[in-house]
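Q:
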Amino acid sequence: MHPDTPTARPPVESKLTDINSRPTALESKSTHHWPQNSPTKPAPGAAYKLTYVPTGKVLDVNGFSATVGLQLQQWTSTGGTNQQWYLQPNSEGYFTIVSHDSGLVADDNGWDTSEAAKVVQYTAGGGANQQWQLIPA
27 MHPDTPTARP
37 PVESKLTDIN
47 SRPTALESKS
57 THHWPQNSPT
67 KPAPGAAYKL
77 TYVPTGKVLD
87 VNGFSATVGL
97 QLQQWTSTGG
107 TNQQWYLQPN
117 SEGYFTIVSH
127 DSGLVADDNG
137 WDTSEAAKVV
147 QYTAGGGANQ
157 QWQLIPA
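In terms of my numbering, the sequence shown has 112 at position 86, counting the first letter as 1, and numbering is strictly consecutive.
(1) Taking the continuous beta strand (DSSP E) assigned at ASP86, which residues delimit it?
(2) Is the Cβ-Cβ distance between SER125 and VAL94 less than 8 Å?
(3) Does the Cβ of PRO115 have 16 or more other Cβ atoms within 10 Å, making it buried, or fewer, making it exposed?
(4) Which residues bound the beta strand (DSSP E) around ILE77?
(5) Starting from the Cα of ASP133, find the closest Cα among GLN157, TYR78, GLY89 and GLN110 and give me that residue.
(6) How would you label PRO70, buried or exposed, when you count the other beta carbons within 10 angstroms and need 16 or more for buried?
(7) If GLN159 and TYR120 are in contact, beta carbons under 8 Å, what's the gap, nearest whole angstrom?
(8) How would you label ALA142, buried or exposed, when you count the other beta carbons within 10 angstroms and need 16 or more for buried?
(9) Give me the Cα-Cα distance between PHE90 and ALA154, rounded to the nearest whole angstrom.
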């Protein structure tokens, strides 16, 4: 993995869905690579896929669902819009991960800090359980 490849971490220290405690690469939909000029600052309006490095699988919304509370999963990349995410900047270097299709956000369900924490898609509320930090791996 490139040393500037960022990982996504929420400020509440949970893990990204079943992608527990492993680096997650971000790839731009338009360029198919992370912008080299600033690895922790996504291009405004660009959609990204979040890739679990060890498996090569990506963060996925099962069946293109817009169901609030649906657990997110890792899946083989298909190029579908259910695997595309917007990274909206928040305060202090955090980002909200927003589904391309539903506009729902990646949410650490129940503010769980365990290794088995589940990440679901949920209505944006601005809580720390919906904020993620991009950190070079």
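Quick reminder that beta carbons are idealized off the backbone N, C-alpha and C, glycines included.
These figures come from a predicted structure and were not determined experimentally.
A: Taking the geometry as given:
(1) Working through the sequence shown from its first residue, we reach residue 86 at position 60. Here the beta strand (DSSP E) through ASP86 covers 83 to 86.
(2) Taking the sequence shown and counting its residues from 1, the one referred to as residue 125 is at position 99. Taking the sequence shown and counting its residues from 1, the one referred to as residue 94 is at position 68. No, the pair does not count as a contact, with Cβ atoms beyond the cut-off.
(3) As a working note, residue 115 is residue 89 in the sequence shown. With fewer than 16 Cβ atoms within 10 Å of its Cβ, PRO115 is classed as exposed.
(4) As a working mapping, residue 77 is identified with position 51 in the sequence shown. The amino acid occupying residue 77 in the given sequence is Thr; Ile does not appear at that position. Here the beta strand (DSSP E) through THR77 covers 73 to 78.
(5) As a first step, residue 133 must be located in the sequence shown, where it is residue number 107. Answer by Cα proximity: GLN157.
(6) Indexing the sequence shown from 1 puts residue 70 at position 44. With fewer than 16 Cβ atoms within 10 Å of its Cβ, PRO70 is classed as exposed.
(7) What you label residue 159 is simply residue 133 of the sequence shown in a count that begins at 1. What you label residue 120 is simply residue 94 of the sequence shown in a count that begins at 1. Correct: roughly 5 Å between the Cβ atoms.
(8) In the sequence shown, the residue the question calls residue 142 occupies position 116. So ALA142 counts as exposed.
(9) As a working mapping, residue 90 is identified with position 64 in the sequence shown. As a working mapping, residue 154 is identified with position 128 in the sequence shown. Straight-line Cα distance between these residues: approximately 25 Å.
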